[in-house]
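For the record, in the sequence shown the residue sitting at position 43 is 402 according to the numbering used here, with numbers rising by one throughout.
Below: one structure, written as structure tokens.
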Amino acid sequence: MSAPTESTTDIDKAIEANIAASLAEIPHPALPPGTNIYGSTKIFPDYRAEAGETYFTLVHGIAHESSVSFVAILQATRALRKGFDSAIYFYGPGAINCVATRGFPTTGASGFPGEQNINEALTSFIGEGGKVFACRFGLALHGAREEDLIDGVIPAHPLDVQDALIHYARKGAIINSTYQL
């Protein structure tokens, strides 16, 4: 290995000076932890369910490919806690959100932070009285089996997707339909 030349040393010194200048341009942290950067005014009333009201969520989104599935579960859980009879129906690729066999290197383990968020959220939702349906055809399309479902998830016939929607619409449900490819 040859010794650094004068020009290499000068270049390295210039790079170090540029790094120091770059770091000093904007003070860090720009705002200390705990600083409000968004207002907290809630626009709409915090509605609660009236007697017999229902909230129905359809999910056609793949676990961990976007936030749509997880956010839909959180919304359905919030509706449940507001007193709504709340149900979620996972169909198509959404059905794989309902498998208990997610994990790496073993089921239930997290190969990355948050890998079990959906499983934990669905388990809580069911535990609090929510209903979760998973389309059997959606499971089959992705190689998941009924015995792979999270405890309490209800396997449903593929033709039930439309009839569940009709059922909840006739009950006057607030319907949240999420879709992601």
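Even for Gly, the Cβ is constructed at its ideal location relative to N, Cα and C.
In three-state DSSP terms, what is residue i?
| i | result |
| --- | --- |
| Asp519 | helix |
| Asn456 | helix |
| Tyr527 | helix |
| Asp510 | coil |
| Ser536 | strand |
| Lys401 | coil |
| Lys441 | coil |
| Ala499 | helix |
| Thr436 | helix |
Taking its Cβ as the centre, do 16 or more other Cβ atoms sit within 10 Å of residue i, making it buried, or is it exposed?
| i | result |
| --- | --- |
| Thr436 | buried |
| Asn478 | buried |
| Gly497 | buried |
| Tyr527 | buried |
| Thr537 | buried |
Nearest by alpha-carbon distance to residue i: which of the options is it?
| i | options | result |
| --- | --- | --- |
| Asn476 | Phe443, Ser426, Glu505 and Arg504 | Ser426 |
| Ser428 | Glu474, His526 and Pro514 | Glu474 |
| Gly531 | Glu506, Tyr414 and Ala459 | Tyr414 |
| Pro517 | Ile378, Ala499, Gly420 and Glu424 | Ala499 |
| Gly442 | Ala459, Glu412, Glu479 and Ala468 | Glu412 |
| Leu524 | Tyr450, Val458, Glu505 and Thr460 | Tyr450 |
| Leu417 | Asn478, Ile432 and Ala438 | Ile432 |
| Glu487 | Asn377, Tyr406 and Leu439 | Leu439 |
| Ala480 | Val512, Arg495, Pro464 and Thr465 | Val512 |
| Ser483 | Gln434, Asn535 and Tyr397 | Gln434 |
Taking 7 Å as the cut-off, decide whether the C-beta atoms of residue i and residue j are in contact.
| i | j | result |
| --- | --- | --- |
| Ile447 | Val491 | yes |
| Ala503 | Val458 | yes |
| Ser419 | Gly453 | At residue 419 the sequence reads His, which differs from the Ser that was named. Their beta carbons are under 7 Å apart, which means His419 touches Gly453 by this criterion. |
| Pro514 | Ala493 | yes |
Using a Cβ-based criterion (distance less than 6 Å to any ligand heavy atom), does residue i qualify as near the ligand ZN?
| i | result |
| --- | --- |
| Ile455 | For the structure depicted, the ligand ZN is absent and the ligand set is empty, with no information on it obtainable. |
Would you please state the rounded distance, in angstroms, between the beta carbons of residue i and residue j? I believe it to be under 8 Å.
| i | j | result |
| --- | --- | --- |
| Gly393 | Ser445 | Incorrect: roughly 33 Å between the Cβ atoms, too far for contact. |
| Asp507 | Thr460 | 5 Å |
| Gln521 | Ile421 | Going by Cβ atoms, the distance from Gln521 to Ile421 rounds to 21 Å, so no, they are not a contact pair. |
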